[in-house]
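See structure below.
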Amino acid sequence: MRKLLKAALAAGVAAASLAVPASANHSWGGYHWARTSNPFTIKLGNNLTSQWSSYLVTTSSDWSQSSVLDTVIVPGGTKPRNCRATNGMVEVCNSAYGNTGWLGIASISITSGNHITSGTTKMNDTYYNTAQYNTPAWRNLVMCQEVGHTFGLGHQDENFSNANLNTCMDYTNLPESNQHPNQHDYDMLVSIYNHNDSSTTIGQTTSKFGVNNSTTYGPGETGLSPKSWGRPVAFLKDGRPHTYARVDGAGTMTITEVFWVPGMGPKDSHVD
Numbered sequence: 004m005r006k007l008l009k010a011a012l013a014a015g016v017a018a019a020s021l022a023v024p025a026s027a028n029h030s031w032g033g034y035h036w037a038r039t040s041n042p043f044t045i046k047l048g049n050n051l052t053s054q055w056s057s058y059l060v061t062t063s064s065d066w067s068q069s070s071v072l073d074t075v076i077v078p079g080g081t082k083p084r085n086c087r088a089t090n091g092m093v094e095v096c097n098s099a100y101g102n103t104g105w106l107g108i109a110s111i112s113i114t115s116g117n118h119i120t121s122g123t124t125k126m127n128d129t130y131y132n133t134a135q136y137n138t139p140a141w142r143n144l145v146m147c148q149e150v151g152h153t154f155g156l157g158h159q160d161e162n163f164s165n166a167n168l169n170t171c172m173d174y175t176n177l178p179e180s181n182q183h184p185n186q187h188d189y190d191m192l193v194s195i196y197n198h199n200d201s202s203t204t205i206g207q208t209t210s211k212f213g214v215n216n217s218t219t220y221g222p223g224e225t226g227l228s229p230k231s232w233g234r235p236v237a238f239l240k241d242g243r244p245h246t247y248a249r250v251d252g253a254g255t256m257t258i259t260e261v262f263w264v265p266g267m268g269p270k271d272s273h274v275d
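Take 4 as the starting number for the sequence shown in the working numbering and just add one per residue.
Shown next, in the form of structure tokens:
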């Protein structure tokens with residue numbers, strides 16, 4: 004387990020050092036779904052309210068333009084408030100999660116071989132119900148980015164004030180031109196998935212549907228604050244952590260990527 008945490012720390016440092024230039028490698032720690040051929044299909048579980056469903060359709064269509072992966076939207080298998088993981092797929096959720104300080108989070112369960120076995124994303128309606136963030140641009144940006152993380156993509160740039168790179172995998176204060184992937188994201192997916200595995204982690208196999216609580220989480224599942232995310236392993240230049248790693252045991256870890264509300268961070272998270 005200590006080896007897994009060290010690997011996550013190393014991946015976080017590498018991602019932080021490579022994320023700024025648009026030409027850089029922005030693989031998220033080498034994490035990827037195991038599969039025996041390309042293209043492969045990832046199921047996106049729709050646990051969303053009607054205000055979000057069209058944005059998931061856009062995100063699914065955008066990422067399916069990749070030459071190595073397709074996505075398909077299926078009925079979700081969890082309660083949005085808890086957003087429990089389902090092996091072999093990504094559960095996409097929204098709820099008014101409270102004054103957590105974040106707009107969205109993505110969590111993945113990985114094995115010691117860096118294989119993703121499940122993913123979850125949460126969109127925090129506490130902020131999207133306000134005039135500032137209740138816009139198509141903010142909703143498209145964060146939905147696209149959090150789902151992109153579950154494929155193994157990191158950020159192209161982690162400075163909110165830099166000029167936009169015209170990709171949803173870019174932090175920004177002005178989301179209008181950052182609502183969709185760009186060619187570099189598609190090229191990065193080709194690089195991440197340029198090999199075949201001897202087995203697969205894709206496909207709905209075991210649902211973990213149920214009610215979660217603040218202290219017990221399965222692989223790929225998290226609560227609403229850093230208390231449940233584990234140890235910070237990658238940081239923005241201003242010192243705010245944006246990636247967390249939690250050892251779950253049995254050779255698995257949960258890795259969480261956080262999209263903080265611009266100007267906010269862990270100190271602004273009030274939910275355990």
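We put the beta carbon where it would ideally sit given N, CA and C, even for glycine.
* At what residue ranges does the region 230-269 contain a whole run of the beta strand (DSSP E), taking only runs of 3 or more? -> Here the runs fully enclosed are 234-238, 244-252 and 255-263.
* Asked: Can the beta-carbon of Phe-154 be found closer than 8 angstroms to that of Pro-265?
  -> For the purposes of this step, residue 154 is taken as the residue at position 151 of the sequence shown. For the purposes of this step, residue 265 is taken as the residue at position 262 of the sequence shown. Their beta carbons are not under 8 angstroms apart, which means Phe-154 does not touch Pro-265 by this criterion.
* Leu-227, DSSP secondary structure in three states -> Here residue 227 is taken as the residue at index 224 of the sequence shown, counted from 1. Of the three classes helix, strand and coil, the one that applies to Leu-227 here is coil, per DSSP.
* **First through last residue of the beta strand (DSSP E) which encompasses Glu-94** => Here residue 94 is taken as the residue at index 91 of the sequence shown, counted from 1. Annotation for Glu-94: the continuous beta strand (DSSP E) segment containing it runs 93-98.
* Asked: What residue does the alpha helix (DSSP H) around His-152 start on, and which one ends it?
  -> As a first step, residue 152 must be located in the sequence shown, where it is residue number 149. Per DSSP, His-152 belongs to the alpha helix (DSSP H) from 139-152.
* Would you mind giving the Cβ-Cβ distance between Ala-99 and Thr-203, rounded to the nearest angstrom? I have them listed as a contact below 8 angstroms. => Taking the first residue of the sequence shown as position 1, residue 99 is located at position 96. Taking the first residue of the sequence shown as position 1, residue 203 is located at position 200. That pair is no contact at about 36 angstroms.
* Three-state secondary structure (DSSP) at Leu-192? -> Residue 192 sits at position 189 when you count from the first residue of the sequence shown. Correct three-state label for Leu-192: helix.
* Three-way DSSP call (helix, strand, coil) for Pro-178 in this model -> Indexing the sequence shown from 1 puts residue 178 at position 175. Three-state DSSP puts Pro-178 in a helix.
* Helix, strand or coil at His-187 according to DSSP, with G and I counted as helix -> By 1-based counting over the sequence shown, the position of residue 187 is 184. If DSSP states are grouped into helix, strand and coil, His-187 belongs with the helices.
* From Ser-230 to Tyr-247, what does the alpha carbon distance come to, in whole angstroms? -> By 1-based counting over the sequence shown, the position of residue 230 is 227. By 1-based counting over the sequence shown, the position of residue 247 is 244. Residue identity check: residue 230 is Lys in the sequence provided, not Ser. Straight-line measurement puts the Cα of Tyr-247 at about 10 angstroms from the Cα of Lys-230.
* Asked: Going by C-alpha distance, which of Pro-184, Ile-45 and Ser-40 is nearest Thr-120?
  -> By one-based count along the sequence shown, residue 120 stands at place 117. Closest by alpha carbon: Ile-45.
* Can you list, in chain order, the residues of its chain whose CB lies under 6 angstroms from that of Thr-74, leaving out five sequence neighbours each side? -> Mapped onto the sequence shown, residue 74 falls at position 71. Closer than 6 angstroms at Cβ, skipping near neighbours: Ile-45, Leu-47, Ser-63, Trp-66 and Ser-67.
* Asked: With distances taken from CA atoms, which of Arg-84, Pro-269 and Pro-178 is nearest Thr-129?
  -> Translated into the one-based positions of the sequence shown, residue 129 becomes position 126. Ranking the options by Cα distance to Thr-129, first place goes to Arg-84.
* For Gly-223 and Asp-188, believed in contact at Cβ under 8 angstroms, the rounded distance -> Against the sequence shown, residue 188 aligns to sequence position 185. Against the sequence shown, residue 223 aligns to sequence position 220. Not really, about 22 angstroms apart at Cβ, beyond 8 angstroms.
* **Straight-line gap, Asp-173 to Asp-160 (C-alpha atoms, nearest Å)** => Working through the sequence shown from its first residue, we reach residue 173 at position 170. Working through the sequence shown from its first residue, we reach residue 160 at position 157. When rounded, the distance between both Cα atoms is 5 angstroms.
* Are the beta-carbon atoms of Thr-170 and Pro-184 separated by less than 8 angstroms? -> Walking along the sequence shown from the start, residue 170 turns up at place 167. Walking along the sequence shown from the start, residue 184 turns up at place 181. Yes.
* Check Thr-103 in the structure and name its three-state DSSP category. => Position 100 of the sequence shown holds residue 103. Note: Thr-103 maps to coil in three-state DSSP.
* Out of His-35, Gly-80 and Val-95, which has the shortest C-alpha to C-alpha gap to Leu-51? -> Against the sequence shown, residue 51 aligns to sequence position 48. Between Leu-51 and the set His-35, Gly-80 and Val-95, the nearest pair of CA atoms involves Val-95.
* Asked: Who does Ser-201 pair with in a DSSP beta bridge?
  -> For the purposes of this step, residue 201 is taken as the residue at position 198 of the sequence shown. Answer is none; Ser-201 lacks a bridge partner.
* Collapsed DSSP secondary structure at Leu-59 in the structure displayed -> Your numbering for residue 59 matches position 56 in the sequence shown. The answer is helix: DSSP assigns Leu-59 an H, G or I state.
* To do: Give the C-beta separation of Thr-280 and Ser-110 to the nearest angstrom, bearing in mind that I take them to be a contact with Cβ-Cβ under 8 angstroms.
  => Outside the modelled stretch of the chain, which goes from 4 to 275, sits residue 280, for which no answer is possible.
* To do: Spatial neighbours of Pro-269 within its chain, please: CB distance less than 6 angstroms, with the 5 preceding and 5 following residues excluded, ordered by chain position.
  => Residue mapping note: residue 269 aligns to position 266 of the sequence shown, counting from 1. The beta carbon of Pro-269 is closer than 6 angstroms to those of Pro-229 in its chain, skipping five residues each way along the sequence.
* To do: Have a look at Ile-76 and Val-145 and give me their C-alpha separation to the nearest angstrom.
  => Along the sequence shown, one-based indexing puts residue 76 at 73. Along the sequence shown, one-based indexing puts residue 145 at 142. Each residue's CA atom was taken as its position, placing Ile-76 and Val-145 some 17 angstroms apart.
* Are the CB atoms of Tyr-34 and Ile-113 nearer to each other than 8 angstroms? -> Here residue 34 corresponds to residue number 31 of the sequence shown, with the count starting at 1. Here residue 113 corresponds to residue number 110 of the sequence shown, with the count starting at 1. With respect to Ile-113, Tyr-34 sits close: the two C-beta atoms are nearer than 8 angstroms.
* First and last residue of the uninterrupted beta strand (DSSP E) at Thr-120 -> If you number the sequence shown from 1, residue 120 lands on position 117. Counting along the chain, the beta strand (DSSP E) containing Thr-120 begins and ends at 118-127.
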